[in-house]
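Protein chains in written order, with this note's numbering: chain L, 1 to 218; chain F, 1001 to 1218.
Notes for the one structure printed next.
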DNA sequence: CTGTGTGAACATCTTCACAGCT
DNA sequence: AGCTGTGAAGATGTTCACACAG
């Protein structure tokens, strides 16, 4: 399949074809009228724009169950991420290989960051250690941090942090599950009309993709 | 602090106070004019609406590193989730306790679901096993599935699936990182004006919260 | 003729600003 | 006087529909 139309891609992604074309148009005019998009060329252009063609060395700090799971996660390599180092505070872990990579001790954190030119760090430590690890990563030159620890991190201007809370997705499922159960029971007045209407509408969107309001704090 | 104003909450959450008030208003009129919101009452109302006051038994299928990490994750209990059972296909795992809960064998999946009245399942298996596990969960009565396996699951109408791809967040960080690096180098024409403008704007939003376009497939 | 690229119309979301309750 | 709750205005996002390139 050398070429693909916006219509086909839209159907596959479950969106409107006009939206897809408009989104693509922000990247440039990579399609051919009357024909569609050249698959290989399109994949390359999107990959480049998203930064997938670059090599991104990352370090994972905190090699517990989650850190190990991340180190073993296959999806990283295919998206340009290379696990440059695993770091843990437990001296007993030092030297032990996880996912084929020897764990190094926190003492060498700064040196590891600098030697590998790492700018993205993943924090998978317990909550108590996260801020301290974060500060050291930032001081050593890391400018993007993915935080799995259940804490809000304070970082200086210019450093990006994204927090992943594994329970939020479950919460969204539970929210919809709750409404599946109480569908017609809504007549008992438990939900004040507007909320019921808003919720009904959210559920009508395809699947449970209506996220929790942006206002809800993590 | 018995009471709190929309202004205070908005500042804490980093949003506009009008937005916060409007969002709250969809749940009902729980504030007092001239005073603010009663903290305890507000927390209860939001919790109830989100389903946090209910007890949600969940099963985790696939007790590798990720499954174990999830089983140990503290955030679940505080949000009404109870890990009712851990299930794995490896007979050697059966009976071994993880996070204080004995792992059970996949053979008993249907019985476990039914005995515990489970309606939410978490899939943390390898990609190859995910669809099969999903089918069995659905057949046994599960109606919401959180999928960590890197596959798209097919489910019948009425079943909700949410997919978590741990590399997407990293990808978003890398995207912004890429633009931090090539900020003024954009003059070399690598980015077609519109995309550069759109990207610049997204970055100007607080933090890296500008997500990847909805169109991008997982 | 087919299917992109895009102004214009429409829809949704956010913010403003203020009436009205406490 | 202070702060909510909410219409109306403004901003942003999505879809329509069609001119035009191949």
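All C-beta atoms in this analysis are idealised placements derived from N, C-alpha and C, irrespective of residue type, glycine included.
Return the CA-CA distance between residue 1176 of chain F and residue 71 of chain L, expressed in angstroms with no decimal places. 22 angstroms
Please name the residue in F/1113, F/1092, F/1085 whose C-alpha comes closest to that of residue 1102 of chain F. F/1085
Based on Cα-Cα distance, which residue from L/33, L/64, L/27 lies nearest to residue 221 of chain L? With chain L covering only 1 through 218, there is no way to say anything about residue 221 of chain L.
Verify whether the separation of the beta carbon atoms of residue 58 of chain L and residue 155 of chain L is less than 8 angstroms. no
Apart from the five residues just before and just after residue 99 of chain L, which ones in its own chain have a Cβ nearer than 6 angstroms to its Cβ? 71, 72
Pairwise C-alpha distance: residue 74 of chain L and residue 1106 of chain F: 24 angstroms
Tell me which same chain residues have a C-beta within less than 8 angstroms of the C-beta of residue 193 of chain L, skipping the five on either side of it? Residue confidence is low: residue 193 of chain L scores 41 on pLDDT, short of 50, so the model does not pin down where it sits. No coordinate-derived value is stated.
So if I threshold CB-CB distances at 9 angstroms, which residues from the stretch 69-92 of chain L count as touching chain F? 69, 70, 71, 72, 73, 74, 75, 76, 78, 79, 80, 81
Touch test, the stretch 1036-1046 of chain F against the stretch 46-58 of chain L, Cβ-Cβ under 8 angstroms, three pairs minimum: no
For residue 1067 of chain F, which residues in the same chain have their Cβ closer than 6 angstroms to its Cβ, ignoring the five residues on either side in sequence? 1060, 1124
How many Å lie between residue 1171 of chain F and residue 142 of chain L at the Cα? 16 angstroms
From the DSSP output, read off the bridge partner residues of residue 1121 of chain F. F/1059, F/1145
So, does the CB of residue 1150 of chain F fall closer than 8 angstroms to a CB anywhere in chain L? yes
Nearest to residue 150 of chain L by alpha carbon, out of L/167, L/159, L/138, L/160? L/167
Could you check if residue 1144 of chain F is buried or exposed, using at least 16 other CB atoms within 10 Å of its CB as the buried criterion? buried
What residues of chain L sit near residue 1144 of chain F, judged by a beta carbon separation below 8 angstroms? 173, 174, 176, 177, 208
Between the CA atoms of residue 113 of chain L and residue 219 of chain L - distance to the nearest angstrom: Nothing about residue 219 of chain L can be read from this structure; chain L reaches only from 1 to 218.
From residue 53 of chain L to residue 163 of chain L, what distance separates their C-alpha atoms? 25 angstroms
Let me know if residue 190 of chain L comes out buried or exposed under the rule of 16 or more other beta-carbons within 10 Å of its beta-carbon. Because the pLDDT of residue 190 of chain L is 41, which lies under 50, any placement of that residue in the model is unreliable, and the number read from its coordinates should be weighed accordingly. Looking at its Cβ environment, which holds fewer than 16 other Cβ atoms inside 10 Å, residue 190 of chain L is exposed.
State the Cα-Cα distance for the pair residue 1088 of chain F and residue 1025 of chain F, rounded to the nearest angstrom. 45 angstroms
Whole angstroms are fine: how far does the CA of residue 1055 of chain F sit from the CA of residue 30 of chain L? 51 angstroms
Taking a cut of 8 angstroms between CB atoms, which residues from the stretch 1047-1065 of chain F lie near chain L? 1049, 1050, 1051, 1052, 1054, 1056, 1058, 1064, 1065
DSSP three-state label for residue 1104 of chain F, please. strand
Partners in chain L for residue 1180 of chain F, counting only beta-carbon separations shorter than 7 angstroms: 143
CB contact below 8 angstroms: residue 1160 of chain F versus chain L: yes
Residue 1005 of chain F vs residue 1036 of chain F beta-carbon contact at 8 angstroms: yes
Whose Cβ in chain F lies nearer than 7 angstroms to the Cβ of residue 169 of chain L? 1146, 1162, 1164
So, does the CB of residue 1120 of chain F fall closer than 8 angstroms to a CB anywhere in chain L? yes
From residue 51 of chain L to residue 76 of chain L, what does the alpha carbon distance come to, in whole angstroms? 13 angstroms
Report yes if the C-beta distance between residue 1065 of chain F and residue 65 of chain L is below 8 angstroms; otherwise report no. yes
Straight-line Cα distance separating residue 1062 of chain F from residue 173 of chain L: 19 angstroms
Quick one: Cα of residue 152 of chain L to Cα of residue 1160 of chain F, how far? 30 angstroms
Simplified DSSP assignment, three categories, for residue 127 of chain L: helix
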